[in-house]
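S.K.: Pasting a structure below so you can have a look.
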Amino acid sequence: MSYPMTRQRRFDPPDELFDDPAPVRPLTFADGHQGWLVTGHAAGRAVLADPRFSTVPRRLHPLLASRRVPEGEVPPGFFLRMDAPEHTHYRRLLTGQFTVRRMNQLRARIEEITAARLDDMERAGPPVDLVRTFALPIPSLVICELLGVPYDDREQFQRDTTELLRLANSPEQLTAKVGDLITYVYTLVARKRAEPGHDMLTGLVDSGELSDDEIAGMGFLLLVAGHETTANMLALGTFALLQHPEQLALVRDDPSVIDNAVEELLRYLSIIHFGATRAAVEDVTIEGTLIKAGDCVAVSIPAANRDPARYADPAVLDVRRPAGGHLSFGHGIHQCLGQQLARIEMRVAYPALLGRFPALRLAVPVDAVPMRSDMSIYGVHALEVAW
Amino acid sequence: MVKVKADRDVCIGAGMCVLTAPLVFDQDEEEGLVVLTSAEVPPEAEEAVSRALTLCPSGAITRVDP
Numbered sequence: 038m039s040y041p042m043t044r045q046r047r048f049d050p051p052d053e054l055f056d057d058p059a060p061v062r063p064l065t066f067a068d069g070h071q072g073w074l075v076t077g078h079a080a081g082r083a084v085l086a087d088p089r090f091s092t093v094p095r096r097l098h099p100l101l102a103s104r105r106v107p108e109g110e111v112p113p114g115f116f117l118r119m120d121a122p123e124h125t126h127y128r129r130l131l132t133g134q135f136t137v138r139r140m141n142q143l144r145a146r147i148e149e150i151t152a153a154r155l156d157d158m159e160r161a162g163p164p165v166d167l168v169r170t171f172a173l174p175i176p177s178l179v180i181c182e183l184l185g186v187p188y189d190d191r192e193q194f195q196r197d198t199t200e201l202l203r204l205a206n207s208p209e210q211l212t213a214k215v216g217d218l219i220t221y222v223y224t225l226v227a228r229k230r231a232e233p234g235h236d237m238l239t240g241l242v243d244s245g246e247l248s249d250d251e252i253a254g255m256g257f258l259l260l261v262a263g264h265e266t267t268a269n270m271l272a273l274g275t276f277a278l279l280q281h282p283e284q285l286a287l288v289r290d291d292p293s294v295i296d297n298a299v300e301e302l303l304r305y306l307s308i309i310h311f312g313a314t315r316a317a318v319e320d321v322t323i324e325g326t327l328i329k330a331g332d333c334v335a336v337s338i339p340a341a342n343r344d345p346a347r348y349a350d351p352a353v354l355d356v357r358r359p360a361g362g363h364l365s366f367g368h369g370i371h372q373c374l375g376q377q378l379a380r381i382e383m384r385v386a387y388p389a390l391l392g393r394f395p396a397l398r399l400a401v402p403v404d405a406v407p408m409r410s411d412m413s414i415y416g417v418h419a420l421e422v423a424w
Numbered sequence: 138m139v140k141v142k143a144d145r146d147v148c149i150g151a152g153m154c155v156l157t158a159p160l161v162f163d164q165d166e167e168e169g170l171v172v173l174t175s176a177e178v179p180p181e182a183e184e185a186v187s188r189a190l191t192l193c194p195s196g197a198i199t200r201v202d203p
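Taken in order, these protein sequences are the chains called R and B. Mind the numbering: the first sequence is residues 38 to 424 in my numbering, read in order. Mind the numbering: the second sequence is residues 138 to 203 in my numbering, read in order.
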């Protein structure tokens, strides 16, 4: 089989992912490479945690023809696509900035930002597009403040990010967008050298360990990963709750539910629906299947998160189930650096939205909501709501 | 009493242990890597520690067999 991308139902991953109970099965990549698809939760964890699998692009094969790996090297500082020890070097310069304690200290500021967006919605009056007024601004404002990126520049970097994630774009278009975004962050880094701020880009400059190219690559990664992901969780999560009113009522009315509800929405929605791809650098056996050196493996996060061996009734959204252990932030050394920030943003934003607008509803027919099936991060392009 | 150890060379600072079992695990301010607030696990934290061991993405924390 080739990698399935067409969903039969908007909140469920493609049915083909579940038509074979084997946790590891053959997969034909877009360039004809005979590799593997991992759909099991335990098998997915095993692959993602194993240093014998590489994430370096030149070793990987594309899942879609449009995602052919561009020739050339990984941008300096872009540690998402590096193996240890290079990855470790860059990540360690940032881990101190994203600790649980530091993220908890941001809660009051995230509450302020959220309340101001809700005020905007009230002023505008229904209907409003929740993506543009709420879901995208909250994480964008937060990551801009943390990094030291001017929020006034958002139109350009949000538009560039959208093109970066559009699956139909050619590898050449992707490379051009990566270049645009890195150049943008590079100019910011130069400005930080002249006018230091109290932000992460300035901190990386001050570390004295990095070139401006490296800081630009790291900043590009943080900026893109810091706003698109949470934005899609907020909008798609709200949509899912609106379609499951009894679950929405629990999140709205019982504050003790929210921490677990966030984990369950992460599990159920699995917005990273395109890969994670790795390449074996030596022979590895995963759950009895021999994966030979050079073979590429695609771990389907949505399938792993709905493995019936790990979660009972996996296709059911149940904000009270023990939902921890999902792979939505990945696993292994590349597990999301910003996950504790994302958790707090969601723990603040969903209840605040439903508290302010207890009668929140869709302002368009369900089928008129434009789904992001064409993007590497799933979600909704827009969500018209009223109250 | 259950004991745990932490390997800061392996840790990637994801914070899952601190989120899950804050009685036993912390992160230092500088690097954000795991530190143990107590090598011995108090009985009331045993279940949380067991979950944290499973959730740790890098395998930096392990149970020490008596």
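Beta carbons: idealized from backbone N, C-alpha and C, even for Gly. Remember, it's a predicted structure, so these values are computed and weren't measured experimentally.
Quick test of the definition: if touching needs 3 or more C-beta pairs under 8 angstroms, does the region 126-140 of chain R touch the region 87-106 of chain R?
M.R.: no
S.K.: Return the Cβ separation of L85/R and A335/R in integer angstroms, given the expectation that the two are a contact with Cβ distance under 8 angstroms.
M.R.: If you number the first sequence from 1, residue 85/R lands on position 48. If you number the first sequence from 1, residue 335/R lands on position 298. Contact doesn't hold; Cβ gap of about 12 angstroms is too wide.
S.K.: So which residues of chain B does T267/R contact, with C-beta pairs closer than 7 angstroms?
M.R.: Within the first sequence, residue 267/R is the residue found at index 230, counting from 1. What T267/R touches in chain B: nothing, since even the nearest Cβ is about 16 angstroms away.
S.K.: Does any residue of chain R have a CB that is nearer than 9 angstroms to the CB of D144/B?
M.R.: Residue 144/B sits at position 7 when you count from the first residue of the second sequence. No, D144/B does not count as interfacial toward chain R.
S.K.: Contact defined as beta carbons within less than 8 angstroms: I believe P425/R pairs with V417/R. What is the distance between those atoms, to the nearest angstrom?
M.R.: The requested residue 425/R is not part of the displayed model; chain R covers only 38 to 424.
S.K.: Any C-beta of chain B within less than 9 angstroms: which residues of the region 363-388 of chain R qualify?
M.R.: For chain B, the residues of the region 363-388 of chain R that bring a beta carbon within less than 9 angstroms of one of its beta carbons are F366, G367, H368, G369, I370, H371, Q372, C373, L374, Q376, Q377, R380, in chain order.
S.K.: L156/B CB to nearest chain R CB: under 9 angstroms?
M.R.: Working through the second sequence from its first residue, we reach residue 156/B at position 19. At least one chain R Cβ lies under 9 angstroms of L156/B.
S.K.: Is the beta carbon of M42/R closer than 9 angstroms to that of F311/R?
M.R.: Position 274 of the first sequence, counted from the start, is the residue given in the question as residue 311/R. Position 5 of the first sequence, counted from the start, is the residue given in the question as residue 42/R. Yes. Within cutoff.
S.K.: Is the CB of L170/B under 9 angstroms away from at least one CB in chain R?
M.R.: Numbered from 1 along the second sequence, position 33 holds the residue referred to as residue 170/B. For L170/B, the answer is yes, since a Cβ of chain R falls inside 9 angstroms of its Cβ.
S.K.: Which residues mark the beginning and the end of the alpha helix (DSSP H) in which Q210/R is found?
M.R.: Mapped onto the first sequence, residue 210/R falls at position 173. In the DSSP annotation of this structure, the continuous segment of the alpha helix (DSSP H) that includes Q210/R starts and ends at 208-231.
S.K.: How would you label E246/R, buried or exposed, when you count the other beta carbons within 10 angstroms and need 16 or more for buried?
M.R.: Taking the first residue of the first sequence as 1, we reach residue 246/R at position 209. Burial call: exposed.
S.K.: Give me the Cα-Cα distance between G185/R and F194/R, rounded to the nearest whole angstrom.
M.R.: Indexing the first sequence from 1 puts residue 185/R at position 148. Indexing the first sequence from 1 puts residue 194/R at position 157. Distance between the alpha carbons of G185/R and F194/R is about 14 angstroms.
S.K.: G133/R CB to nearest chain B CB: under 9 angstroms?
M.R.: Here residue 133/R refers to the residue found at position 96 when the first sequence is read from its first residue. Closer than 9 angstroms to some Cβ of chain B, the Cβ of G133/R qualifies, so yes.
S.K.: From the beta carbon of P194/B, is the nearest beta carbon of chain R less than 9 angstroms away?
M.R.: On the second sequence, residue 194/B is found 57 positions in, with the first residue counted as 1. Chain R contact via Cβ: present.
S.K.: Over what stretch of residues does the alpha helix (DSSP H) that includes E182/R continue unbroken?
M.R.: For this step, residue 182/R is matched to residue 145 along the first sequence. Unbroken alpha helix (DSSP H) run through E182/R: 174-184.
S.K.: Here's the rule I'm using: 16 or more other beta-carbon atoms within 10 Å means buried, otherwise exposed. How should V353/R be labelled?
M.R.: Within the first sequence, numbered from 1, the residue matching residue 353/R stands at position 316. Exposed, since its Cβ has fewer than 16 Cβ neighbours within 10 Å.
S.K.: What three-state label does DSSP hand L279/R in the structure shown?
M.R.: Within the first sequence, residue 279/R is the residue found at index 242, counting from 1. Here DSSP, grouped into helix, strand and coil, assigns L279/R to helix.
S.K.: Would you call the CB atoms of V186/B and T174/B closer than 9 angstroms?
M.R.: Here residue 186/B refers to the residue found at position 49 when the second sequence is read from its first residue. Here residue 174/B refers to the residue found at position 37 when the second sequence is read from its first residue. In this structure, T174/B does not lie closer than 9 angstroms to V186/B by Cβ.
S.K.: Taking 8 angstroms as the cut-off, is the C-beta of G234/R nearer than that to any heavy atom in the ligand PLP?
M.R.: Inclusion of the ligand PLP in the displayed structure is not the case, the ligand content being empty and no account of it being possible.
S.K.: So which of A360/R, A262/R, V261/R, T326/R has the shortest CA-CA distance to R304/R?
M.R.: Working through the first sequence from its first residue, we reach residue 304/R at position 267. The residue with the shortest Cα to Cα distance from R304/R is A360/R.
S.K.: Check the Cβ-Cβ distances between I198/B and every residue of chain R, and say whether any is below 9 angstroms.
M.R.: Numbered from 1 along the second sequence, position 61 holds the residue referred to as residue 198/B. By this cut-off, I198/B is not an interface position.
S.K.: By a C-beta neighbour count over all protein chains shown, 10 Å radius and 16 as the cutoff for buried, is P351/R buried or exposed?
M.R.: Residue numbering aside, residue 351/R sits at position 314 when the first sequence is read from its first letter. Buried, because 16 or more other Cβ atoms sit within 10 Å of the Cβ of P351/R.
S.K.: What three-state label does DSSP hand A341/R in the structure shown?
M.R.: Here residue 341/R is taken as the residue at index 304 of the first sequence, counted from 1. DSSP places A341/R in helix when its eight states are reduced to three.
S.K.: Tell me whether C154/B sits in a helix, a strand or coil according to DSSP, three-state version.
M.R.: As a first step, residue 154/B must be located in the second sequence, where it is residue number 17. Of the three classes helix, strand and coil, the one that applies to C154/B here is helix, per DSSP.
S.K.: At the 9 angstroms Cβ level, is A79/R part of the contact set with chain B, yes or no?
M.R.: Translated into positions along the first sequence, residue 79/R becomes position 42. So no, A79/R is outside the interface.
S.K.: From the DSSP secondary-structure annotation, give me the bridge partner or partners of I309/R.
M.R.: As a working mapping, residue 309/R is identified with position 272 in the first sequence. In the DSSP output, where bridge partners are listed per residue, I309/R has I414/R.
S.K.: Once DSSP output is grouped into helix, strand and coil, what is the label at P8/R?
M.R.: An answer regarding residue 8/R cannot be provided, because it is not within the stretch 38 to 424 covered by chain R.
S.K.: Out of curiosity, what's the CA-to-CA distance linking L420/R and A272/R?
M.R.: For the purposes of this step, residue 420/R is identified with residue 383 of the first sequence, where counting begins at 1. For the purposes of this step, residue 272/R is identified with residue 235 of the first sequence, where counting begins at 1. Cα-Cα distance, rounded: 7 angstroms.
S.K.: Pull up the CB-CB distance for A316/R and L97/R, whole angstroms please, since I reckon it's below 8 angstroms.
M.R.: The sequence position of residue 316/R within the first sequence is 279, counting from 1. The sequence position of residue 97/R within the first sequence is 60, counting from 1. Indeed, because the Cβ distance is near 5 angstroms, the residues count as touching under 8 angstroms.
S.K.: If the cut is a Cβ gap below 7 angstroms, which residues of chain A does T191/B touch?
M.R.: In the structure shown, chain A does not exist; the protein chains are R and B.
S.K.: Count the other CB atoms within 10 Å of the CB of T322/R; is the residue buried (16 or more) or exposed (fewer)?
M.R.: Looking up residue 322/R in the first sequence gives position 285. Looking at its Cβ environment, which holds fewer than 16 other Cβ atoms inside 10 Å, T322/R is exposed.
S.K.: At what residues does the alpha helix (DSSP H) containing T239/R begin and finish?
M.R.: Residue numbering aside, residue 239/R sits at position 202 when the first sequence is read from its first letter. Here the alpha helix (DSSP H) through T239/R covers 237-243.
S.K.: Which residues of chain R have a Cβ atom closer than 7 angstroms to the Cβ of E184/B, listed in chain order?
M.R.: Here residue 184/B is taken as the residue at index 47 of the second sequence, counted from 1. The contacting residues do not exist; E184/B stays about 12 angstroms from chain R at best.
S.K.: In the DSSP assignment, what are the bridge partners of T76/R?
M.R.: Sequence index remark: in the first sequence, residue 76/R carries index 39 (1-based). Answer by DSSP bridge pairing: none, since T76/R is not bridged.
S.K.: If you measure from the beta carbon of M140/R to each beta carbon in chain B, is any gap under 9 angstroms?
M.R.: To locate residue 140/R, count along the first sequence from 1; it is residue 103. At least one CB of chain B lies nearer than 9 angstroms to the CB of M140/R.
S.K.: Relative to the C-alpha of I180/R, which candidate in H264/R, Q210/R, R160/R, D355/R has its C-alpha closest?
M.R.: The residue given as residue 180/R occupies position 143 in the first sequence. Nearest of H264/R, Q210/R, R160/R, D355/R to I180/R, Cα basis: H264/R.
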